[in-house]
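Peer 1: There's a structure below that I have some questions on.
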Amino acid sequence: MIPFDLLSPVTGHPLKADGAHALRDVETGARWPVIDGIPYLRTGREKLIAVALEALDAGREDEALILLLADQDDWWTGPPADPDDLRRLIAERETTTLRGAVDLLGWGRVGDYFVNRWTDPTFLAGLSLLEAHWNAPVCAFELACGIGHYLRELKRRDVKVAGGDVVFAKLWVARHWVVGEEAQFVCFDAASPHWPIADAPVDLVICNDAFYFLDDKPGVLACLRKTAGEDGWLAVSHIHNSGRPGFSAGKAISSAEIEELFPDALVYDDAELTRALVEARAPQPQEPGHLKTCEAFSVVAGPGMRPAPRAVIDGITLPPPDAQLHLNPLYAPEAEGYAIRWPSERYEAEYADQATYPLRSNGPQAIVWKGTPDAPEVDRVRRREYVDLPERW
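The UniProt record's numbering numbers the first residue of the sequence shown as 1 and each following residue consecutively.
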């Protein structure tokens, strides 16, 4: 765990523990709820915070947890979570699967992406970006970490990890199903008046498939650079390109804006990173002006980045040697083998053309993995025909 000191997102004053379930502003006395070790520091949620604190102070932790699990980001267009489903989830959290948790949270198509993200090409592009510039970081922080897909991979390589997200439920799922107890999580909005993470530089700061959602991109980027300190580096992947229509509701940016925001960066076509992983080679950066038609950009920046990408052969893009590898769960039995069954038409439209795994497989259901780039199954692992899923997937 990274021992971040936390600040009030409203005043910037230090926050100190106020019992087991709250933090208190040392100057104003304002309080913020904490459940399962996850501080809830969202601004603009004063009524929700007051009700949650009231429940926590009265010993009704499950009631407070239901309130925070139902809270969503401002981009959410789906129905609210069913309180009865949330009660069931809390009661069964030690036994239910990740898929069951996502269903009970009512995440719909967003849930489809989360439970299958270990195989999607944008996730693989982010891993490729990290491996190409890997310098053995000790500590990493991820903004908009979701349910912790990247943090899980970093943690299993002995990196101390922390993550922030605007949706409390995503962090709670990361805690119980994906990353574990050793990570530090903070629920906050990147657009808060004050960045709630005090000065505690880490080696690596990442933001994947989320930067384009942010309104004040220069302001948030300045905070990310500060968190990385004078020697760290930034890895920001899958930034949607405004020059090419896509599927996200976010606020995409142009290649010219990429150049302005990241003047010290190496810039990649996201798809090039995915190809480099499958082909076991070094990805090739390009000038932003040459990427006007790519679907999404990925960048590395900061003094701690490698001056040139290395080949994506044997690092974070491959599962560790002790991983239990199973057939990609998108495959369903068909005739004498297996065929991809897309979870939704939207998912197919977004990923079918970019997918690294073949549309058909002859199995088996699981393979023995040695964890080395010369293993006989390595090509099937690189293209995610076989995947390394959380234990309770």
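Built from N, CA and C at the ideal position, the CB exists for glycine as well.
Answer yes or no: do leucine 325 and aspartate 388 have a C-beta to C-beta separation smaller than 7 Å?
Peer 2: Closer than 7 Å, so yes.
Peer 1: Do you know how far the Cα of glutamine 365 is from the Cα of glutamate 259?
Peer 2: For glutamate 259 and glutamine 365, the distance between alpha carbons rounds to 45 Å.
Peer 1: Less than 7 Å between the beta carbons of threonine 97 and arginine 383, yes or no?
Peer 2: Cβ distance not < 7 Å, so threonine 97 and arginine 383 don't count as in contact.
Peer 1: Quick one: give me the first and last residue of the alpha helix (DSSP H) that serine 8 is part of.
Peer 2: It is not in any alpha helix (DSSP H) - serine 8 carries neither H nor E in the DSSP assignment.
Peer 1: Tell me the residue span of the alpha helix (DSSP H) that contains tryptophan 233.
Peer 2: Where tryptophan 233 is concerned, there is no enclosing alpha helix (DSSP H), although the beta strand (DSSP E) it sits in stretches over 233–240.
Peer 1: Mind checking aspartate 215: buried by the 16 CB within 10 Å criterion, or exposed?
Peer 2: Classification for aspartate 215: exposed.
Peer 1: Would you kindly work out how many angstroms separate the C-alpha atoms of alanine 252 and asparagine 208, rounded to a whole number?
Peer 2: Roughly 14 Å separates the two Cα atoms.
Peer 1: Would you give the residue range spanned by the beta strand (DSSP E) that lysine 155 belongs to?
Peer 2: Looking at the DSSP string, lysine 155 is not in any beta strand (DSSP E); the run it does join, the alpha helix (DSSP H), is 149–155.
Peer 1: Let's see if you can read the secondary structure: which residues bound the beta strand (DSSP E) around glycine 337?
Peer 2: Unbroken beta strand (DSSP E) run through glycine 337: 337–340.
Peer 1: In chain order, what are the residue ranges of uninterrupted beta strand (DSSP E) at least 3 long that sit wholly in the stretch 28–86?
Peer 2: Within the stretch 28–86, the complete beta strand (DSSP E) runs of at least 3 residues are 31–35.
Peer 1: Note the first and the last residue of the continuous beta strand (DSSP E) segment covering lysine 16.
Peer 2: It spans 15–17 - the beta strand (DSSP E) in which lysine 16 sits, taken as one unbroken run.
Peer 1: Rounded to a whole number of angstroms, what is the C-alpha to C-alpha distance between aspartate 71 and glycine 289?
Peer 2: Near 40 Å, if we compare the C-alpha coordinates of glycine 289 and aspartate 71.
Peer 1: Nearest by alpha-carbon distance to glutamate 345: which of Lys16, Pro218, Arg109 is it?
Peer 2: Of Lys16, Pro218, Arg109, the residue nearest in Cα terms is Arg109.
Peer 1: Give the list of continuous alpha helix (DSSP H) stretches no shorter than 4 residues that lie fully inside the stretch 178–246.
Peer 2: Taking only runs of at least 4 residues, the alpha helix (DSSP H) segments lying wholly in the stretch 178–246 are 217–228.
Peer 1: Is tyrosine 347 closer than 7 Å to asparagine 328 when the C-beta atoms are compared?
Peer 2: No.
Peer 1: Tell me, to the nearest whole angstrom, how far the beta carbon of residue 394 is from that of valine 51; I am working on the premise that it is less than 8 Å.
Peer 2: In the structure displayed, the chain extends from 1 to 393; residue 394 sits before or after that span and is not available.
Peer 1: Skipping 5 residues on each side, what residues in its chain have a beta carbon closer than 6 Å to that of threonine 274?
Peer 2: Pro121, Leu124, Ala125, listed in sequence order.
Peer 1: Across the stretch 191–205 and the stretch 135–144, are there enough close Cβ pairs to call them in contact, namely three or more that are closer than 8 Å?
Peer 2: Verdict: yes, contact present.
Peer 1: The alpha helix (DSSP H) spanning leucine 104 covers which residue range?
Peer 2: Per DSSP, leucine 104 belongs to the alpha helix (DSSP H) from 98–105.
Peer 1: Straight-line CA distance for glutamate 336 to arginine 360?
Peer 2: Roughly 10 Å between the two C-alpha positions.
Peer 1: Tell me the rounded alpha-carbon separation between aspartate 74 and glycine 44.
Peer 2: Cα to Cα, aspartate 74 sits roughly 11 Å from glycine 44.
Peer 1: Take glutamate 230 as the anchor and find which of Ser242, Gly163, Gly304 has the nearest alpha-carbon.
Peer 2: Comparing Cα positions, the closest option is Gly304.
Peer 1: Rounded to a whole number of angstroms, what is the C-alpha to C-alpha distance between threonine 119 and aspartate 25?
Peer 2: Distance between the alpha carbons of threonine 119 and aspartate 25 is about 42 Å.
Peer 1: Going by DSSP in three states, phenylalanine 141 sits in which element: helix, strand or coil?
Peer 2: Strand.
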